[in-house]
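Trainee:
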Amino acid sequence: MMLTIENLRVDFTVDSGIQRKQTLQAVRGVSLELDQGENVAIVGESGSGKSQLFNALMGLLPPNGSAHGSVSFNQQALLNQSDKSLNKIRGKEIGMIFQDPMTALNPYLRIGKQLTEVLEVHEGANFNKESAKRRAIEMLDRVKIKDPEQRFNSYPHELSGGMRQRVVIAMALLCKPKLIIADEPTTALDVTVQTEIIRLLKDIYRKERTSIVLITHDLPLVAGLCDRIIVMYAGKIVETGTVDEIFYKAQHPYTQALLAATPTNTEKSGKMLAIDGQPPDPLNLPAGCAFSPRCAFVEERCKTESPPERKIDAGHLVSCFRENN
Amino acid sequence: MLSYFAKRIASSIPTLFIIITIAFFMIRLAPGGPFDSERPVPAEIAANLEKVYHLNDPLPVQYGYYLLNVLKGDFGPSFKYHDFTVSELIAQGFPVSIQLGLLAILLSLMIGVLLGVIAALRQNSAIDYLVMGLAMTGITIPNFVMAPILILLFGVFWGLLPTSGWGELKHMVLPVIVLSLPQIATVARMTRASLIETLNMPYIRTAKAKGLPTRLILSRHASRATLLPILSWLGPATAAIITGSVVVETIFGLPGIGRHFINGALNRDYTLVMGVVVFYGFLIILMNLLVDLLYAWLDPRIKY
Amino acid sequence: MLGLIQGLNTKMSALIPNEIIADNAVVGLSPWQQAWRRLLNNKAAVVSIVLLVIIAVLCIFGPLFSPWELDSVDWDNMGTPPHLQSHHYFGTDSNGRDLFVRTLEGGRISLMVGLLATAVSFIIGIIYGSIAGYAGGKTDSIMMRFVDVLYALPFMFFVILLTVYFGRSIWLIFIAIGAVEWLTMARIVRGQTLSLKQRSFVEAARVTGASHYSIIKRHIIPNTLGPVIVYATLTVPQVILFESFLSFLGLGVQEPMSSWGVLIAEGAQQMESAPWMVLSPAIMLAVTLFCLNFIGDGLRDALDPKDR
Ligand SMILES: Nc1ncnc2c1ncn2[C@@H]1O[C@H](COP(=O)(O)OP(=O)(O)OP(=O)(O)O)[C@@H](O)[C@H]1O
Ligand code: SF4
Ligand SMILES: [Mg+2]
């Protein structure tokens, strides 16, 4: 296994200044494994803990967050390691792509600098300015940026959103990482640009065999790109399976609701899934199954006991009491 | 770029113009002022004033003459020290005041930024609270309270430093410290807030995700965004330091512009006070101009 | 430029997304009640409020309980340190005047200047800012351009210039300070008004035919109060400081009236022989300024919890 996550929990300390400090459980015991060359999608509503799960393992949690559990990447422990040892992996073995390309790049530094510095820190003594520049320009070309030589000297504000996201992708790819974590890489972009970026990611995957974890709201988007889908709700994995299993044999009422929900077009973020009811308040999660207040199939025990994980098929797991079909 | 410079310079001219105008009409029209005919003035001065201010001409013409003179850097003769022109008095005091001011700004920047960075990197730790507590103290305790305390401690009790006089480095120590303490505090607070805000920026997270060491993240990615707001501190700081120097020069008995200003005010030396006001206004406008130009130069997003 | 600096304070890290605060807020409390609770949880602010009330009460009623008057001379005790039997709780100055009474009476002046001048700036600022923001367009840009120009003027020096002409009067100080401080207030109110104007309840009021005056009065001004109150709280110490500064230089409050600035100036001259003279006004001034600053910071955190 390339990446093994065991019982990962992420807590935030929240201080409203009115009451005593509270603990917000953003991720509540997530375990998952990822093989070299495997592509998975993480889907779930806003606030379900998708981003914080991966921020935790990259050591990127906000200051009021803490992570517990264990994570290993190619036999190396990741969780709560020093920045120094994490920096041997971040950007080199694992690359990250973020949601909002408008803010992910430093507005005060030229694109070229922000690209080549990845090589600068990871190649140490072997670093050569000229070859770094050449490789950065090649990479810009690779992610289909026009006039890469010229763009190398541009500032981020001189580029469009889609172009900036390509730069971010190029940055993540420069060191040929084994794993790329893409956190909603298309949410902030226009619909036409979205498909281009996804096509680019597919292309990268086909050529480099880099594993991709794609975090998204958009189920249809992942269909062509990923092998496996992991559905998260309120900080837990509720169902996981192959694309076919999730699309055609979904077991969990939440997954079914996600699939049934028509994508509604909102002005900026493209497709957003709308399901009846409100996502749970992370500070006051319902006892038992967190989905119970919104679930159409809720039973008595759902409100008191947490549903255990059940195996439907080899790789198809679901956490729900209801046994149908 | 050049046209931006020109535009910015042009936009600061009205302000200067307004300062001069207000000063002129205040001095000309104030009841009980030097030009109020009910007050007897020594014949010698009267003649002098007559000549310098063209008192026999209509008011607008007088104003024109005054404007012209000010533009030439001539503020007329001092009302009290007959042997000096205001410009001479200002020129005498300027080296003292500018040395104090520049040293204070430099010290504030260096220590303030250092303290602010330390506090921000140790946010909510004991050292952060200590620095912020000290900053609160520095901002709260007025310079005219701080100066006597320092004089008492360093001058009187321990006898380490002179409490008045001018000419050597040791004479500058206490005045510069008193001038800079509130500014150090202000810069430390600003730097802390600015660095904390910058470190929360998504692009800092990107830099971390790229595997950059903390040192490089601070020096390359956070420095500019953190320090740019500090730049805009320079404008108000100039005003604050000029104001402070009035007190400090008085307490430590230093021969700067500030002391002339206060003596002028106490002696009702109208022309001197007015000249200094215009001169100070000019300095502050100049500094604000400089800051804006630096800003435009350092921030690639500002279009000229 | 100043705006940028002030902006910094309000821009600080937003660690906690808004929704969480909302979710977490105690059900059934209005925003003002929530702010009040937060303020009460801020120890520094609470201690400051208590101290400030004590100082104010002391300044108002303290002199009544002393046998000495503001300028009565005690020939037996000239320049003596604090002494309880003779009722010179803070000692006397070299003229034999009681410092307890002088310090407290000085406090009255300082506090009064602080409050009155702030009130003046408060009123001018709110009216000017809400009109500019509400009118928008050309009116707004002309009105704010005027503020910008005034901002750049070295007011401190104009005030001193004024004192040269009109003599040194406490009224001049009120007016001068109040006239300067309204600028920032107007900017804040205008900014708030601009964004309020877009909000649905203002639109609704306009559609139902409410007059501009009543919209400004009912809908705009009440909703800008939060930041304005914070700024006003932070203005009071600035004004007190300014008054003391002028008085210290001999350009403010005149003998035989006293203010903390005057007393500090007198004390500073005899610091070596009679350190208690500078001590009592200096401590009172410093404590007052500290308290006001802490209350201001506390209010800001309480009203705008993102900032913490
Ligand atoms: N700094 C923080 N302090 C407190 N709570 C936080 C913090 N950051 C995130 N959270 C909470 O943690 C939970 C999970 O957040 P996360 O960002 O992982 O959601 P997400 O699934 O990525 O949502 P989205 O699709 O909107 O990105 C949310 O309830 C969020 O409010
Ligand atoms: S456990 Fe019960 S409430 Fe939860 S999803 Fe299954 S059926 Fe619904
Ligand atoms: Mg997210």
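Residue numbers (my numbering), protein chains in the order written: chain A, 1 to 325; chain B, 1001 to 1304; chain C, 2001 to 2308.
Beta carbons: idealized from backbone N, C-alpha and C, even for Gly.
Quick check: C:I2109 and C:V2253, are their CB atoms within less than 8 Å of each other?
Mentor: Yes.
Trainee: Pick helix, strand or coil for A:L109, following the three-state DSSP scheme.
Mentor: DSSP, reduced to helix, strand and coil, places A:L109 outside both helices and strands of the structure shown, so it counts as coil.
Trainee: So, with DSSP's three-state summary, where would you put A:A67?
Mentor: strand
Trainee: In chain B, which residues lie less than 9 Å from C:T2379 when you measure between Cβ atoms?
Mentor: Coverage of chain C is limited to positions 2001 through 2308, which leaves residue 2379 of chain C absent and any answer about it impossible.
Trainee: Using the rule of at least 16 other Cβ atoms within 10 Å of the residue's Cβ for burial, across every protein chain shown, is A:G270 buried or exposed?
Mentor: Low confidence applies here, because A:G270 scores a pLDDT of 45, under 50, leaving its location unreliable; read the following figure in that light. With 16 or more other Cβ atoms within 10 Å, it is buried.
Trainee: What three-state label does DSSP hand B:K1077 in the structure shown?
Mentor: Contrary to the premise, residue 1077 of chain B reads as Pro rather than Lys in this sequence. In the structure shown, B:P1077 sits in a strand (DSSP, three-state: E or B).
Trainee: Give a yes or no on whether 8 Å exceeds the smallest Cβ distance from C:M2277 to chain B.
Mentor: no
Trainee: Sorry if obvious, but does the Cβ on A:S48 come closer than 7 Å to a heavy atom of ligand 2?
Mentor: no
Trainee: Closer than 7 Å by beta-carbon distance: list the chain B residues that pair up with A:A104, in chain order.
Mentor: P1202, Y1203 and T1206
Trainee: Would you tell me roughly how many angstroms separate the C-alpha atoms of B:M1190 and C:V2113, rounded to the nearest one?
Mentor: Using only the alpha carbons, I get a separation of about 29 Å.
Trainee: Restricting to Cα atoms, I'd like to know which of C:A2117, C:D2301 and C:E2069 is closest to C:V2230.
Mentor: C:D2301
Trainee: Locate the beta strand (DSSP E) running through A:E33, then write down its first and last residues.
Mentor: Where A:E33 is concerned, the enclosing beta strand (DSSP E) stretches over Q22 to L34.
Trainee: Mind listing the chain B neighbours of C:L2285? Cutoff is C-beta to C-beta under 8 Å, in chain order.
Mentor: In chain order, P1142 and V1145 make up the part of chain B whose C-beta sits under 8 Å from the C-beta of C:L2285.
Trainee: Three-state secondary structure (DSSP) at C:D2098?
Mentor: strand
Trainee: With a threshold of 7 Å, establish whether the CB of A:E184 neighbours any heavy atom of ligand 3.
Mentor: yes
Trainee: Under 7 Å from any heavy atom of ligand 2, does the C-beta of A:P280 make it?
Mentor: no
Trainee: Quick check on A:K236: buried or exposed, where buried means 16 or more other Cβ atoms within 10 Å of its Cβ?
Mentor: buried
Trainee: Would you verify that the beta carbon of B:V1187 is, or is not, closer than 8 Å to some beta carbon of chain C?
Mentor: no
Trainee: Taking all protein chains shown into account, do 16 or more other C-beta atoms lie within 10 angstroms of the C-beta of A:P293, making it buried, or fewer, making it exposed?
Mentor: exposed
Trainee: With 8 Å set as the bound, which would you pick, yes or no: does the beta-carbon of B:I1217 sit closer than that to a beta-carbon of chain C?
Mentor: no
Trainee: Tell me where the alpha helix (DSSP H) around A:D11 begins and ends.
Mentor: Premise fails: A:D11 lies in the beta strand (DSSP E), L3 to V14, not in any alpha helix (DSSP H).
Trainee: Indicate whether at least one CB of chain A lies closer than 8 Å to the CB of B:G1211.
Mentor: yes
Trainee: Closer than 7 Å from C-beta to any heavy atom of ligand 2: which residues, in chain order?
Mentor: A:H252, A:P253, A:Y254, A:C289, A:F291, A:S292, A:C295, A:F297, A:V298, A:E299, A:C302, A:P307, A:C320, A:F321 and A:R322
Trainee: If you draw a straight line from the alpha carbon of A:L317 to that of A:H252, how long is it in whole angstroms?
Mentor: Approximately 10 Å, taken between the alpha carbons.
Trainee: Would you check whether ligand 1 has a heavy atom nearer than 7 Å to the C-beta of C:V2287?
Mentor: Checking every heavy atom of ligand 1 against the Cβ of C:V2287, none is found closer than 7 Å.
Trainee: Pick from C:F2157, C:I2127 and C:M2156: whose alpha carbon is nearest that of C:M2143?
Mentor: C:I2127
Trainee: Spatial neighbours of C:G2298 within its chain, please: CB distance less than 7 Å, with the 5 preceding and 5 following residues excluded, ordered by chain position.
Mentor: L2039, N2042, A2044 and A2045
Trainee: Taking C-beta to C-beta, are A:R57 and A:V71 nearer than 8 Å?
Mentor: Correcting the residue identity first, residue 57 of chain A is Leu in this sequence and not Arg. Yes, the Cβ-Cβ distance between A:L57 and A:V71 is below 8 Å.
Trainee: When we look at the beta-carbon of A:G315 and count the other beta-carbons within 10 Å, is it buried (16 or more) or exposed?
Mentor: exposed
Trainee: Check the DSSP bridge columns for A:D83 and list the partner residues they point to.
Mentor: In the DSSP output, where bridge partners are listed per residue, A:D83 has none listed.
Trainee: Examine the Cβ distances between the region 1140 to 1153 of chain B and the region 1089 to 1109 of chain B and report whether three or more of them are shorter than 8 Å.
Mentor: no
Trainee: Could you name each continuous alpha helix (DSSP H) segment of 4 residues or more that falls completely within the region 1150 to 1237 of chain B, going from the start of the chain to the end?
Mentor: 1169 to 1199 and 1202 to 1209
Trainee: Please name the residues in the region 2184 to 2203 of chain C whose beta-carbon is closer than 9 Å to at least one beta-carbon of chain B, in chain order.
Mentor: none
Trainee: According to DSSP, simplified to helix, strand and coil, what is C:E2203?
Mentor: helix
Trainee: Is there at least one Cβ from chain B nearer than 8 Å to C:A2232's Cβ?
Mentor: Residue contact check for C:A2232 against chain B: no CB pair falls below 8 Å.
Trainee: Taking all protein chains shown into account, do 16 or more other C-beta atoms lie within 10 angstroms of the C-beta of A:Y248, making it buried, or fewer, making it exposed?
Mentor: exposed
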